[in-house]
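S.K.: In the numbering used here, the protein residues as written are 116 to 769. Even for Gly, the Cβ is constructed at its ideal location relative to N, Cα and C. All values derive from a computational prediction rather than experimental measurement. Please find one structure pasted underneath; my questions will follow.
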Amino acid sequence: MKLPDTALIWLTLVCQSTGEHGMSATKETLGFQAEVKQLLQLMIHSLYSNKDIFLRELISNASDATDKLRFEALADPALFETDPELKIRVAFDREARTLTISDNGIGMSRQEVIEHIGTIAKSGTREFFSQLSGDQKKDAALIGQFGVGFYSAFIVADRVTLTTRRAGLTAEHGVRWESEGAGDYTLETVEKPGRGTEIVLHLRDGEDGFLSDYKIKSVIRTYSDHITLPIVMKKTEWKDGVEVPTEEDETVNKASALWARAKKDISDDEYREFYKHVAHDHEPPLAWSHNRVEGKQDYISLLYVPSHAPFDLYDRERRHGIKLYVRRVFIMDDAEQLMPAYLRFARGVIDSADLPLNVSREILQSSRDIDAIKAGSVKKVLGMLEDMAANQPEQYATFWKEFGRVLKEGPGEDFANREKIAGLLRFASTHADTDSQIVSLKEYIGRMKDGQTAIYTITADSFAAAKHSPHLEIFRKKGIEVLLLSERVDEWLVSNLTEFEGKPLKSVAKGSLDLGALEDEAEKNAHKDAEEAMKPLIERIKTTLGERVKDVRVTHRLTDSPACLVTGEGDMSANLERLLKAAGQTAPTVKPTLEINPAHALATRMNAESDEDRFKDWANLLFEQALLAEGGQLDDPASFVRRLNGLLAMLPTP
Ligand code: ADP
């Protein structure tokens, strides 16, 4: 299912009013947009085999809503009204064939219902839709990653009634939303004495299995045990062979913050379920790290590495990172002060024992305590990755595929951990027979040639351009490994990572090539001789090309190609210059140096050329093909083609 762009813009606005707007008390009908309907259909079909998750989703929303209330009530205790005991209630009615999930959390105003329920205005929606293939199986996996949320109610219900009132508003500001999950939904203003949200699911035919005390409790214990507030149900007793609810309440879940429990009492399944809740991600995580830190700062951290990138990894407004709690009270989502940008994939909870409850984002920004917690948490995440790289190479490969590009931002952002981060990087290489990034700097150093002092790299705007660059010819001939860098972020990486374990990183396309001890005396003498012999030709080319080049010189890099371009040691690489210009940014134009292969037949040919005009063509052609070979663009392609054809026409007829 590919949607046109305009439809996607629509999606973020999603609902189209077919009734009246505003605060009217009358019932109004609003239409779902066509694509929302499609999404609903797709979800109902693809998640059919895992229906139970709707309960987890609704309980998770209810739990978030009570977290929000508790936090807002710190500043305004009146929000608790006369009902301070936060809880989630689950009930079923066999007669009416309904299942009800209610909470006394923050609730929603009419406007919030319109904005939050019935819209899929999440960041990443565009990417999500563009990735749908129409293949049910693939799409089902994608939907799992996208997060199904409130809509999952329609997996088991053919009608959903949501009644809610925002904490702090009076009873007559209740709102009722109802939909059959098909074409439209209705909205009406109702009385709701208790604050919070109640969701009634009218079960589809065949879903009566959920009208069972045992079934509901086992689903809650499987998926929602970690929810920190009580999930209560009426106790039931058996009468005449059926379960009948009594008046007595019973708490179904453990209802203690999972992270505050002792490690030994938490099962892997519980850690995984908690991850789904905290990360809004339906795929299990790759790894986690649970720590209780005592000392100057007392805090608990439970940090996870996801197994796939969220759709909004590169979206500035993305949310859901690390949740900050203070003594079990939820303070904020996406506390970016707790994790640097290059670790923005990490998910989890940090619960501080020392911070004040009224801590704000502003306070976080300038708090030393927070800096200490952040430093400690960064170490934990990097430690988790090191451990994975060493002991679970397959998982690490998955991690690298999903998040490698983000981790490459690290050396430029976190100087203190630069060496550690560098150790985690993986690269494509001339010595790997795959285009995947699998070579570590340690591995590279381990197989450096005798006498080799630098780690050689090449950057280009595609893997093919890097792999086939003429700059690699001498390295290939001598069997020296070169790391092939072809992602945008690589330019940023190599400008920030200048060495690893005392070995400098060196671009093979920058500066004059000095292979030092990798060349023997005979080779060095041969270079000197070639330079001497080529002097007149070099001068002639330099005069001809004039402003196009910074310099022309003899090269020792090439074995097969006639020429290549290099930039100065401190200059911006040609690849970076192109990237910046393509992104519409201003970048200085760096004049390249043209290097000529003295052993190439073209050099001999040019040396013998007496026709000045023809020599001009040769020289320009040499420059232009070197530019093309490294992925550059010609300012004047037509002249290039004319010159090329002119010279081709001189070939002897066979
Ligand atoms: P998500 O939870 O991933 O944001 P959902 O579709 O599950 O997506 O919910 C959308 C929004 O609706 C929530 O972010 C929240 O603002 C609101 N919402 C859902 N359930 C409740 C609830 N029980 N109480 C208050 N607000 C809710």
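Looking at the ligand ADP, does it come within less than 7 Å of residue 486, judged from the CB to the closest heavy atom?
M.R.: By 1-based counting over the sequence shown, the position of residue 486 is 371. No; taking the cut-off as 7 Å, the Cβ of residue 486 has no heavy atom of the ligand ADP nearer than that.
S.K.: Between which residues of its own chain and residue 517 is the CB-CB distance below 8 Å, once the five residues before and five after are set aside?
M.R.: Counting from one through the sequence shown, the residue named residue 517 turns up at place 402. Excluding sequence neighbours, residue 517 sits near 421, 422, 423, 424 and 460.
S.K.: Cβ atoms of residue 216 and residue 203: under 8 Å apart, would you say?
M.R.: The sequence position of residue 203 within the sequence shown is 88, counting from 1. The sequence position of residue 216 within the sequence shown is 101, counting from 1. Yes, the Cβ-Cβ distance between residue 203 and residue 216 is below 8 Å.
S.K.: Which residue from 415, 739, 478 and 515 puts its Cα closest to that of residue 466?
M.R.: Position 351 of the sequence shown holds residue 466. Nearest option by C-alpha distance: 415.
S.K.: Looking at C-alpha atoms only, which residue of 563, 538 and 536 is the closest neighbour of residue 546?
M.R.: Taking the sequence shown and counting its residues from 1, the one referred to as residue 546 is at position 431. For residue 546, the nearest C-alpha among the options comes from 563.
S.K.: Within 10 Å of its beta-carbon, does residue 178 have 16 or more other beta-carbons around it, so buried, or fewer, so exposed?
M.R.: To locate residue 178, count along the sequence shown from 1; it is residue 63. Counting Cβ neighbours within 10 Å, residue 178 comes out buried, since at least 16 surround it.
S.K.: Throw me the rounded Cβ distance for the residue 439 and residue 458 pair, which I believe falls under 8 Å.
M.R.: Taking the first residue of the sequence shown as position 1, residue 439 is located at position 324. Taking the first residue of the sequence shown as position 1, residue 458 is located at position 343. About 15 Å; that fails the 8 Å criterion.
S.K.: Excluding five sequence neighbours on each side, which residues of the same chain lie with their C-beta closer than 8 Å to the C-beta of residue 686?
M.R.: Reading the sequence shown from its first residue, position 571 is the one you call residue 686. Hits under 8 Å: 625 and 705.
S.K.: Mapping DSSP to helix, strand and coil, what is residue 318?
M.R.: Taking the sequence shown and counting its residues from 1, the one referred to as residue 318 is at position 203. Strand.
S.K.: Just the C-alpha distance for residue 332 and residue 367, rounded to the nearest angstrom, thanks.
M.R.: Numbered from 1 along the sequence shown, position 217 holds the residue referred to as residue 332. Numbered from 1 along the sequence shown, position 252 holds the residue referred to as residue 367. Cα to Cα, the separation comes out at about 6 Å.
S.K.: Tell me, please, which residues DSSP counts as bridged to residue 402.
M.R.: Counted from its first residue, the sequence shown places residue 402 at position 287. Residue 402 pairs with 420.
S.K.: Could you check the C-alpha separation between residue 576 and residue 404 for me, to the nearest Å?
M.R.: Locating residue 576 in the sequence shown gives position 461, counting from the first residue. Locating residue 404 in the sequence shown gives position 289, counting from the first residue. One C-alpha to the other measures close to 37 Å.
S.K.: How would you call residue 266, buried or exposed, if buried means at least 16 neighbouring beta carbons within 10 angstroms?
M.R.: For the purposes of this step, residue 266 is taken as the residue at position 151 of the sequence shown. So residue 266 counts as buried.
S.K.: Compute the distance between the beta-carbons of residue 81 and residue 669, then report whether it is under 8 Å.
M.R.: Residue 81 lies beyond the residue range present for the chain, which begins at 116 and ends at 769; the question has no answer from this structure.
S.K.: Residue ranges of each beta strand (DSSP E) run of no fewer than 3 residues wholly in the stretch 438 to 518, ordered along the chain?
M.R.: With a minimum length of 3 residues, the continuous beta strand (DSSP E) runs that stay inside the stretch 438 to 518 are 444 to 447 and 462 to 467.
S.K.: In angstroms, rounded to a whole number, what distance separates the CA positions of residue 731 and residue 671?
M.R.: Sequence index remark: in the sequence shown, residue 731 carries index 616 (1-based). Sequence index remark: in the sequence shown, residue 671 carries index 556 (1-based). Cα to Cα, residue 731 sits roughly 24 Å from residue 671.
S.K.: Rounding to the nearest angstrom, what Cα-Cα distance links residue 473 and residue 182 in this structure?
M.R.: The count along the sequence shown starts at 1 and reaches residue 473 at position 358. The count along the sequence shown starts at 1 and reaches residue 182 at position 67. Cα-Cα distance, rounded: 14 Å.
S.K.: Rounding to the nearest angstrom, what Cα-Cα distance links residue 144 and residue 351 in this structure?
M.R.: Position 29 of the sequence shown, counted from the first residue, corresponds to residue 144. Position 236 of the sequence shown, counted from the first residue, corresponds to residue 351. Going by the C-alpha atoms only, they are around 39 Å apart.
S.K.: Beta-carbon separation of residue 282 and residue 308 under 8 Å?
M.R.: As a position in the sequence shown, residue 282 is number 167, starting the count at 1. As a position in the sequence shown, residue 308 is number 193, starting the count at 1. Contact flag unset, no.
S.K.: Suppose you measure from the CA of residue 402 to the CA of residue 634; what does that come to, to the nearest Å?
M.R.: Within the sequence shown, numbered from 1, the residue matching residue 402 stands at position 287. Within the sequence shown, numbered from 1, the residue matching residue 634 stands at position 519. Approximately 47 Å between the Cα atoms of the pair.
S.K.: State the Cα-Cα distance for the pair residue 277 and residue 313, rounded to the nearest angstrom.
M.R.: Within the sequence shown, the letter at position 162 stands for residue 277. Within the sequence shown, the letter at position 198 stands for residue 313. About 6 Å.
S.K.: Quick one: give me the first and last residue of the beta strand (DSSP E) that residue 619 is part of.
M.R.: Counting from 1 along the sequence shown, the entry for residue 619 is found at position 504. Where residue 619 is concerned, the enclosing beta strand (DSSP E) stretches over 618 to 622.
S.K.: Would you grab the beta carbon distance between residue 675 and residue 534 for me? Rounded to a whole angstrom, and I think it's under 8 Å.
M.R.: Here residue 675 refers to the residue found at position 560 of the sequence shown. Here residue 534 refers to the residue found at position 419 of the sequence shown. Incorrect: roughly 38 Å between the Cβ atoms, too far for contact.
S.K.: Measure the alpha-carbon distance for residue 763 versus residue 743 and round it to whole angstroms.
M.R.: If you number the sequence shown from 1, residue 763 lands on position 648. If you number the sequence shown from 1, residue 743 lands on position 628. Between residue 763 and residue 743, the C-alpha separation is close to 18 Å.
S.K.: Beta carbon of residue 296, beta carbon of residue 325: below 8 Å?
M.R.: For the purposes of this step, residue 296 is identified with residue 181 of the sequence shown, where counting begins at 1. For the purposes of this step, residue 325 is identified with residue 210 of the sequence shown, where counting begins at 1. Cβ atoms of residue 296 and residue 325: not closer than 8 Å.
S.K.: Under a Cβ-count criterion, where at least 16 other Cβ atoms within 10 Å of its own Cβ denotes burial, should residue 697 be classed as buried or exposed?
M.R.: Counted from its first residue, the sequence shown places residue 697 at position 582. Exposed is the call here.
S.K.: Confirm, please, whether the CB-CB distance from residue 612 to residue 504 is below 8 Å.
M.R.: Indexing the sequence shown from 1 puts residue 504 at position 389. Indexing the sequence shown from 1 puts residue 612 at position 497. The answer is no: Cβ separation not under 8 Å.
S.K.: Would DSSP call residue 664 helix, strand or coil?
M.R.: Taking the first residue of the sequence shown as position 1, residue 664 is located at position 549. Residue 664: coil per DSSP, three-state reduction.
S.K.: Is residue 523 buried or exposed, if buried means 16 or more other CB atoms sit within 10 Å of its CB?
M.R.: To locate residue 523, count along the sequence shown from 1; it is residue 408. Buried, since its Cβ has 16 or more Cβ neighbours within 10 Å.
S.K.: Rounded to whole angstroms, what's the CA-CA distance from residue 712 to residue 734? Just pull it up for me.
M.R.: Stepping through the sequence shown from its first residue, residue 712 is reached at position 597. Stepping through the sequence shown from its first residue, residue 734 is reached at position 619. Between residue 712 and residue 734, the C-alpha separation is close to 13 Å.
S.K.: For the ligand ADP, any of its heavy atoms closer than 7 Å to the Cβ of residue 177?
M.R.: Against the sequence shown, residue 177 aligns to sequence position 62. True, at least one ligand heavy atom lies under 7 Å from that Cβ.
S.K.: Are there 16 or more other CB atoms within 10 angstroms of the CB of residue 552, so buried, or fewer, so exposed?
M.R.: Taking the first residue of the sequence shown as 1, we reach residue 552 at position 437. Label assigned to residue 552: buried.
S.K.: Name the DSSP bridge partner or partners of residue 168?
M.R.: What you label residue 168 is simply residue 53 of the sequence shown in a count that begins at 1. Answer is none; residue 168 lacks a bridge partner.
S.K.: Please return the same chain residues whose Cβ sits closer than 6 Å to the Cβ of residue 542, not counting the five positions on each side in sequence.
M.R.: Here residue 542 refers to the residue found at position 427 of the sequence shown. So the qualifying residues of the chain are 552, 554 and 598.
S.K.: If you follow the alpha helix (DSSP H) that residue 329 is in, where does it begin and where does it stop?
M.R.: Your numbering for residue 329 matches position 214 in the sequence shown. First-last of the alpha helix (DSSP H) with residue 329: 328 to 338.
S.K.: With hydrogens ignored, establish whether the beta-carbon of residue 312 is closer than 7 Å to any heavy atom of the ligand ADP.
M.R.: Start at 1 with the first residue of the sequence shown, and residue 312 comes out as number 197. Residue 312: yes, Cβ under 7 Å from the ligand ADP.
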